[in-house]
Each structure stands twice: as structure tokens, then as C-alpha cells.
Amino acid sequence: MKDFLNYAEQQRLIEAIFSLKSRKLIRSLSDLCVKCGKNKSYFNDVRTKNLNFSSDFIKRVFELYPINEQYVLTGNGEILLSADGATAQTKEVNAPGGVVQNIANNGNGNVEANANTAPNTEPTFAEVLQQLVATNAKLVETNAQLVAMLNISKNQ
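Sequential numbering of the sequence shown, starting at 895, is according to our numbering.
Spelled out as C-alpha cells, the structure:
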């Protein structure tokens, strides 16, 4: 990633950060700033005073959140990376009981959760997501078997 964004790139990064907020992938803009090593008002200061984001902030945003770097640099493509993208992505989600967890999908179907969750009888978001990933893998395998069976019956 570049150390410095021009005006158009900066505006697309701002748009992407607002997209994270509207899709509830971050709790607040101040929370994003703190996680990226800045004070709570950093984002608003940059935006309202027409300043440039620092290179360390830019780097950290791309490390922590599923923002499509190509979109920011060129304006092409989706603003955010999809959950099935090849790169690892981390999303902040609200688990049952209001506990926030960082959920990481490493691109090969393994889901990891990092949080100190309160004892809860309900499954956590990560547990439900892991079950969905496993179920999806079974469905893909079953679908492949059905396609193979259909191909065999066509050839007979």
C-alpha cells in the first residue's frame, strides 16, 4: 500500500470506512481509530480539516478490515472484500450477550475467534459460523457426488 493517498484515493478510503460502519463491521469510527493506533477523533479530524491519513493508519486499516485496496487506489471493484475472498479478513461482530469478537476467516474454511467471552449457554457467533462452514463443505461434497452420479447415468 502507498504511504500517501491523493485526494480521490483518500475520499474512497473514507467511503470504505463509512461502508464498514453502515454494514456494522465496526462499532464506531472512534473505535476504528483506536484499533489503528490513533486517538478517537483522528478520523473526524482528518476528514473535517482535509488532512491526509498517516501511512501507519492506512496500513493498519488494510490489515484489520476487509477494505478492497484496489477500489481505494483505482475506484474499480467492490468497496469491501467478500467473505469468501482469498485474503484473510477480520470482522468485528456482536456475539450473543453483547460481547464483541474478532472473527477471522483465513480463506480455507477455518474460522477463528479471539475474545474473552462471558459464560453463555447460547453458541457464540464463531461456533455457529464454524458449523455453517462445516455444513457448507458437506453440501459441496454431496453436490459433487450427485453431479458425478448424473454424469454416469447420462453415459449409460
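All C-beta atoms in this analysis are idealised placements derived from N, C-alpha and C, irrespective of residue type, glycine included.
Small disclaimer: the values here were computed from a predicted structure and weren't measured.
| query | Rounded C-beta distance between Ile960 and Leu975? I'm assuming under 8 Å. | reply | The sequence shown places Pro at residue 960, not Ile. With 8 Å as the limit, Pro960 and Leu975 qualify as a contact, their Cβ atoms being about 4 Å apart.
| field | Inter-residue spacing [alpha-carbon to alpha-carbon] between Glu963 and Thr942 | value | 23 Å
| request: Measure the Cβ-Cβ separation of Arg921 and Val966 and say whether it is below 8 Å. | output: no
| request: Give the DSSP-derived three-state secondary structure of Leu926 in the structure shown. | output: helix
| said: Among Leu914, Gln1025 and Val1027, whose alpha-carbon lies nearest the alpha-carbon of Glu972? | reply: Leu914
| message | Just verifying my parser: in three-state terms, what is the DSSP assignment at Ile961? | response | strand
| query | Who are the near neighbours of Tyr901 in its chain, counting only those whose CB is closer than 8 Å to its CB and skipping five residues on each side? | reply | none
| field | Between the CA atoms of Val1034 and Leu912 - distance to the nearest angstrom | value | For the record, residue 912 in the displayed sequence is Phe; it is not Leu. Roughly 35 Å separates the two Cα atoms.
| task | State the beta-bridge partners of Leu974 as determined by DSSP. | result | Ile961
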